[in-house]
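Enquirer:
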């Protein structure tokens, strides 16, 4: 009975904490604009009530981070970092069914910006720490909790600053878990079976955000101009948009293909004589059906034009035109990306990094990954847990600078029809209450049992 009551208390807390965190507007407007301090103080207060000694660290006025350590029973064991971010992307209330910072709880859901990305996960981490304090659970490894600022922009005020200014807080940590992984994906197999698949992040494509600049000769819009900066830039942007990047398999994406293939009964032998990714992967992905969506965007690099800026009047040819490109790079692909961008931009257009963070990957055959798999299957027997590479990036890239191998694991057990991916940065972001409660159980089981 006591155990049931303890889990009920943890379930009540995680829902309440998610709602209350959402009500604290921590919108990250980019370019240094943000204020995570109120959320950091709220989280630190809850951890202090659990007997921990959290530190609130400001990198700039209002840009606050929280770090706390839970001592493990084995002082020789390496530490495990558990991180989440406190900031959220902007939300326009006019587009939402509820106010995005209401934290409203209705229809079995907690609504608001950050419910999925990722105040719900931060609430789970806090609820686990408090549950352990009530029940006397001690992990074998030190657990370092880190709630960061600025993940939704460059991490300059959050994880990057912590890594450079306070690396001692992460002393002994060799592995980490963070966002984007461990959630239910309901997939229809090609043979008609309904499958539950849990992706666990074991890699991330690097972020290569680019600024393109074309310089030309200014002039009157009515006259011919062979040195038009807008035309040169537009041609380069069109080439980038049309470029077909080659398929490249990394250890993580290869493992993902094999395990997904086993789940959907599609035989995949990447070591077969003569296997050619460029020729053989597209039909293989088609045979995998819906499951291919878990890997399709991480089998090659990408570069998507996202911004254009030129001119100030329609009848004036400007001397300069600029564009923004969101580039993403697989592990081992940075030289390929640089060469390709040089070719696609050509001699008329210069490019530079507006922001750059390297790709990362972690071992799939590790005790930590096995523990994540076991914790999920204990809650949902019959499901399939597979490693994946994330299309985008998280704070794991910054913590990798300290030699910490990062995994995406913030467990949520989600019902059929719940489109988890569409709610990241989407309108009417929300998370089921029961998913949060189950997530606390899975996270506690994982953190207390990982070797």
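In the working numbering, the protein residues as written are -1 to 449.
Using N, Cα and C, we set each Cβ at its ideal position, and we do this for glycine too.
What are the boundary residues of the alpha helix (DSSP H) that includes residue 332?
Expert: Taken as a continuous stretch (DSSP letters only), the alpha helix (DSSP H) holding residue 332 covers 332 to 343.
Enquirer: Whose C-beta lies closer than 7 angstroms to the C-beta of residue 287 among residues of the same chain, with five residues either side of it excluded?
Expert: If we look at residue 287 and ignore the five residues flanking it on each side, its Cβ neighbours are 186, 187, 188 and 262.
Enquirer: Have a look at residue 10 and residue 274 and give me their C-alpha separation to the nearest angstrom.
Expert: In a straight line, the C-alpha of residue 10 is about 52 angstroms away from that of residue 274.
Enquirer: So if DSSP puts residue 320 in a beta bridge, which residue, or which two residues, is it bridged to?
Expert: DSSP output for residue 320 lists 211 and 307 as bridge partner(s).
Enquirer: Taking residue 213 as the reference, give the member of 114, 321 and 423 with the closest Cα.
Expert: Here the closest residue by C-alpha is 321.
Enquirer: Would you check if the distance between the CB atom of residue 384 and the CB atom of residue 258 is smaller than 8 angstroms?
Expert: Closer than 8 angstroms, so yes.
Enquirer: Let me confirm a value: residue 153 is counted as buried when at least 16 other C-beta atoms fall within 10 Å, else exposed. Which label applies?
Expert: By the 10 Å Cβ count, residue 153 comes out buried.
Enquirer: For the beta strand (DSSP E) containing residue 273, name the first residue and the last one.
Expert: First-last for residue 273: undefined, no H or E at that position.
Enquirer: Can you confirm whether the region 196 to 204 touches the region 422 to 438 when touching is taken to mean that 3 or more C-beta pairs between the two stretches lie within less than 8 angstroms?
Expert: Not touching, per the Cβ criterion.
Enquirer: State the Cα-Cα distance for the pair residue 140 and residue 192, rounded to the nearest angstrom.
Expert: In a straight line, the C-alpha of residue 140 is about 39 angstroms away from that of residue 192.
Enquirer: Could you give the distance in angstroms between the alpha-carbon of residue -1 and the alpha-carbon of residue 43?
Expert: Because residue -1 carries a pLDDT of 45, less than 50, the predicted location of this residue cannot be relied on, and the following value inherits that uncertainty. Their Cα atoms are separated by approximately 29 angstroms.
Enquirer: Quick test of your reading: residue 388 and residue 406, contact by CB under 8 angstroms. State the CB separation rounded to the nearest angstrom.
Expert: Confirmed, Cβ separation roughly 6 angstroms.
Enquirer: Per DSSP, which one or two residues make a beta bridge with residue 302?
Expert: Bridge partners of residue 302: 324.
Enquirer: Have a look at residue 365 and residue 2 and give me their C-alpha separation to the nearest angstrom.
Expert: Approximately 29 angstroms between the Cα atoms of the pair.
Enquirer: For residue 169, count the other beta carbons within 10 Å of its own beta carbon; 16 or more makes it buried, fewer makes it exposed. Which is it?
Expert: So residue 169 counts as exposed.
Enquirer: Mind checking whether residue 408 and residue 177 have CB atoms under 8 angstroms apart?
Expert: Yes; because the gap between Cβ atoms is below 8 angstroms, this pair is in contact.
Enquirer: Work out the CA separation of residue 271 and residue 126 for me, nearest whole Å.
Expert: Taking the straight line joining both Cα atoms gives about 49 angstroms.
Enquirer: Can you give me the C-alpha to C-alpha distance between residue 340 and residue 349, rounded to a whole angstrom?
Expert: Each residue's alpha carbon lies about 8 angstroms from the other.
Enquirer: Using a threshold of 8 angstroms, state whether the C-beta atoms of residue 358 and residue 398 are closer than that.
Expert: Cβ atoms of residue 358 and residue 398: closer than 8 angstroms.
Enquirer: Less than 8 angstroms between the C-beta atoms of residue 451 and residue 166, yes or no?
Expert: Missing from the structure shown is residue 451; the chain here goes from -1 to 449 and no further.
Enquirer: What does DSSP give as the partner residue(s) for residue 122 in the beta ladder?
Expert: According to DSSP, residue 122 bridges with nothing at all.
Enquirer: Under a Cβ-count criterion, where at least 16 other Cβ atoms within 10 Å of its own Cβ denotes burial, should residue 276 be classed as buried or exposed?
Expert: Exposed, because fewer than 16 other Cβ atoms sit within 10 Å of the Cβ of residue 276.
Enquirer: Check whether the region 297 to 304 and the region 238 to 257 touch, using three or more Cβ-Cβ pairs below 8 angstroms as the test.
Expert: Judged by Cβ distances under 8 angstroms, the region 297 to 304 makes contact with the region 238 to 257, as three or more pairs qualify.
Enquirer: Decide yes or no for the touch test of the region 45 to 60 against the region 95 to 109: beta carbon pairs closer than 8 angstroms, at least 3 of them.
Expert: Segments in contact, no.
Enquirer: Using C-beta distances below 6 angstroms, list every residue in its chain close to residue 56, excluding the 5 sequence neighbours before and after it, in chain order.
Expert: Taken in chain order, the residues that qualify are 62.
Enquirer: CA-CA distance, residue 285 and residue 194?
Expert: If I take the Cα positions, the gap works out to 18 angstroms.
Enquirer: Look up residue 192 in the DSSP assignment and say whether it is helix, strand or coil.
Expert: Strand at residue 192.
Enquirer: What residue range is occupied by the uninterrupted beta strand (DSSP E) comprising residue 107?
Expert: Where residue 107 is concerned, the enclosing beta strand (DSSP E) stretches over 107 to 109.
Enquirer: If residue 238 and residue 111 are in contact, beta carbons under 8 angstroms, what's the gap, nearest whole angstrom?
Expert: Not confirmed; about 32 angstroms, so no contact.
Enquirer: Helix, strand or coil, according to DSSP, for residue -1 in the structure here?
Expert: Because residue -1 carries a pLDDT of 45, less than 50, the predicted location of this residue cannot be relied on, and the following value inherits that uncertainty. Three-state result, residue -1: coil.
Enquirer: When DSSP builds the beta bridges, which residues end up paired with residue 349?
Expert: Answer is 210, bridged to residue 349.
Enquirer: Going straight from the alpha carbon of residue 224 to that of residue 331, what length do you get?
Expert: Spanning the two alpha carbons is a distance of roughly 36 angstroms.
Enquirer: How would you write the range of the beta strand (DSSP E) that residue 405 sits in, first residue to last?
Expert: Segment 403 to 406, the beta strand (DSSP E) holding residue 405.
Enquirer: Can you tell me the Cα-Cα spacing of residue 448 and residue 163, whole angstroms?
Expert: Looking at the two C-alpha atoms, the distance is approximately 29 angstroms.
Enquirer: Any idea which residues DSSP pairs residue 452 with across the strands?
Expert: The question about residue 452 has no answer, for the chain in this structure spans -1 to 449.
Enquirer: So, are the CB atoms of residue 75 and residue 143 less than 8 angstroms apart?
Expert: No, they are not a contact pair.
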